[in-house]
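So the sequence lines, in the order shown, correspond to chains A and B.
For the first sequence, the numbering used here begins at 223 and goes up steadily by one.
For the second sequence, the numbering used here begins at 223 and goes up steadily by one.
Comments concern the structure below.
There are 2 protein chains.
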Amino acid sequence: MAMARYEQIAGDLRDAIVRGEYAIGAQLPSEAELADRYGAARGTIRQAVAVLVNEGLVGSRQGARRIVLGSERSQSFAELHSFAQWARSMGYRASGAVVRSDRRPCTQSEAARLSLTPGEEVLTVLRLRRLDGEPVLLERTVYAGWIAPAVERLDPSCESVTQELYDAVGLVFAYGEHLIDAVAAGSEDARLLGVRRGSPLLRQRRTTTSQEGRPVECSDDRYRAGSVAFSIRNSTSTNPLVRRTGD
Amino acid sequence: MAMARYEQIAGDLRDAIVRGEYAIGAQLPSEAELADRYGAARGTIRQAVAVLVNEGLVGSRQGARRIVLGSERSQSFAELHSFAQWARSMGYRASGAVVRSDRRPCTQSEAARLSLTPGEEVLTVLRLRRLDGEPVLLERTVYAGWIAPAVERLDPSCESVTQELYDAVGLVFAYGEHLIDAVAAGSEDARLLGVRRGSPLLRQRRTTTSQEGRPVECSDDRYRAGSVAFSIRNSTSTNPLVRRTGD
DNA sequence: TGGTCTGGCTTGTTTGTACAAGTTCGCTTA
DNA sequence: TAAGCGAACTTGTACAAACAAGCCAGACCA
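Quick look at the structure:
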């Protein structure tokens, strides 16, 4: 179907790596050899391999054969932004429920993060998410006013907000910024997540943007310690992750 | 000097974005226009812009003009792996001291993560890192045996291990894998970081690999809550960050 | 034996061309 | 007025060619 040639080749090579056909530390075939094997131009092969380099599966330096760095397949953007889609891909059953939902004028900082004019109305939603029935994640989300009606029409116990918003109004979450740190559980956090007050939580503050670059929501997500970890691969040529001083 | 043309152009565009010449949400010039302005082929321009897209500064979709998503400059790989280099770039003064250092045979899991044969000797080092004098980070690092001698020769209070190892034996950290979650401070953590036992810490478990794909070290780093956060930008076309179930 | 050097291999950079596919916006039409 | 259409524009994919730059191993020399 409509998959690009270089994506097919990248997928093929990724599969071979995951299958163990190329062991960790082993060399990948040269571009010339791959171009020959797949009947594609060298540029196309380079594009395919670049995908794997970007995923951190393969290391590359000028002059030397490319080497396999890892074999774990990394997941897609969607699976980072959508709790439900991620859970499904891991074989878990996700459920969720709205605890509280509220309209109010936005604060100064929310206005900045969602590019709104201060005082514009926003929708705040508190959602508790479960994995196989266990409470795992507490989401405090602030939606921009223009998307609020669509969010309010959603089923309070709907599994995937991302999916539902796409089906309902064709909204696609395309870009995101994330800030990850650790905090102590407040009393509400503790009660809803079933942990003791003051126990460690993994916090992810994120802002999500539509395809067109329009901010849609920002959120403060708190994971129960031990339930979830974030994983990153990087190299000298890619720098996805950055350390920052806490606010 | 030896900087590639596309890197120069990427830098130029990044500067313009950081300077605010292109506001957030604004459109970037088309490839044709940029090619004209810089006197480069379209392919070269595409390569330059791809850098910015990868950094999360610019969003791109077929058919539509590229848009500016953010203006914060993200830092380099080195600044993620080297506490000292990161601190310096932020204008802080980093210091550090070795609390404990020890040789012992490696465990099963260490053997797997460092591709060693079980029982091979490793060097474990416990380091306390400070930012402007404040204890901020506790590093429990396991070095592969082949690099241990060079590590032991280092000054116990040396500022940047990464830098020193490069100067001493030409070792370059090139690839890394990171797992981030939250844990409660143990009694040793609490004592050294100056926090209460059980208080939240941000934990980063990492494995670092040399240019040649040879694992060098793995580490369990614990940050005092509130001192440091990790920041990631991603999009549908790049997926640097992945959520995982806790071990 | 040990170091150096060179030639072939491999990846990196750049240009050029052609076509495919998606977006945008103005114009037409019902 | 609103839906629909289409043309111009813009990004995505693919191929081809040439040279630059770094790596590696085997040959060579001291």
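In this text, a Cβ means the ideal position worked out from N, Cα and C, and glycines have one as well.
Just so you know, these numbers come straight off a predicted model, no measurement behind them.
- A distance of 9 Å or more separates the beta carbons of B:Gly-285 and B:Asn-456.
- Here A:Leu-348 is near A:Val-320, since their CB atoms are less than 9 Å apart.
- In summary, A:Thr-430 is buried, with 16 or more beta-carbon neighbours lying within 10 Å of its beta-carbon over all protein chains present.
- Among the residues facing chain B, A:Tyr-397 is included, as its CB has a counterpart in that chain under 9 Å away.
- The contact set of A:Leu-291 on chain B, defined by CB atoms closer than 7 Å, consists of Tyr-397, Thr-431, Gly-435 in chain order.
- Excluding sequence positions up to five before and after B:Thr-458, its CB lies less than 6 Å from no other CB in the same chain.
- Counting only the Cα atoms, A:Gly-292 lies some 24 Å from A:Gly-265.
- A distance of 9 Å or more separates the beta carbons of A:Leu-423 and A:Ala-451.
- Counting of Cβ neighbours within 10 angstroms places B:Gln-330 among the exposed residues, the total staying below 16.
- In this structure, B:Leu-415 is the residue among B:Ala-333, B:Ala-404, B:Leu-415 with its C-alpha nearest to the C-alpha of B:Pro-357.
- Shown here, B:Thr-346 sits in a strand according to DSSP, grouped into three states.
- When CB distances to chain B are screened at a threshold of 8 Å, the residues of the region 402 to 416 of chain A falling below it are Ile-402, Asp-403, Ala-404, Val-405, Ala-406, in chain order.
- With respect to chain A, the C-beta atom of B:Pro-422 has a partner C-beta closer than 9 Å.
- Rounded to the nearest whole angstrom, the CA to CA distance from A:Ala-257 to A:Arg-268 is 9 Å.
- Looking at the DSSP output, B:Cys-440 shares a beta bridge with B:Val-364, B:Thr-429.
- Within the region 278 to 339 of chain B, the runs of beta strand (DSSP E) that reach at least 3 residues and sit entirely inside it are, in chain order, 280 to 283, 286 to 290, 316 to 327.
- Counting C-beta pairs closer than 8 Å gives fewer than three between the region 359 to 372 of chain A and the region 393 to 409 of chain B, which falls short of the contact rule.
- For A:Ser-331, the nearest beta carbon of chain B is not closer than 9 Å to its own beta carbon.
- Here A:Asp-324 has Thr-346 as same chain residues with Cβ atoms under 6 Å from its own Cβ, once five neighbours each way along the sequence are excluded.
- Per DSSP, A:Gly-408 is not a residue of any alpha helix (DSSP H), being assigned neither H nor E.
- According to the DSSP assignment, A:Leu-250 belongs to no alpha helix (DSSP H), since it is labelled neither H nor E.
- Listed along chain A, no residue sits closer than 9 Å to B:Ile-239 by beta-carbon distance, the nearest being about 13 Å off.
- The continuous alpha helix (DSSP H) containing A:Val-391 extends over residues 383 to 391.
- Exclusion of the five residues before and after B:Arg-315 leaves Asp-354 as the residues of its chain whose Cβ lies within less than 6 Å of its Cβ.
- Residue contact check for A:Ser-453 against chain B: a CB pair falls below 9 Å.
- It is roughly 13 Å from the alpha-carbon of A:Glu-381 to the alpha-carbon of A:Val-373.
- At a beta-carbon threshold of 7 Å, the residues of chain B lying near A:Arg-283 are Gln-433, ordered along the chain.
- As the crow flies, the alpha-carbon of B:Arg-413 is around 25 Å from that of B:Arg-326.
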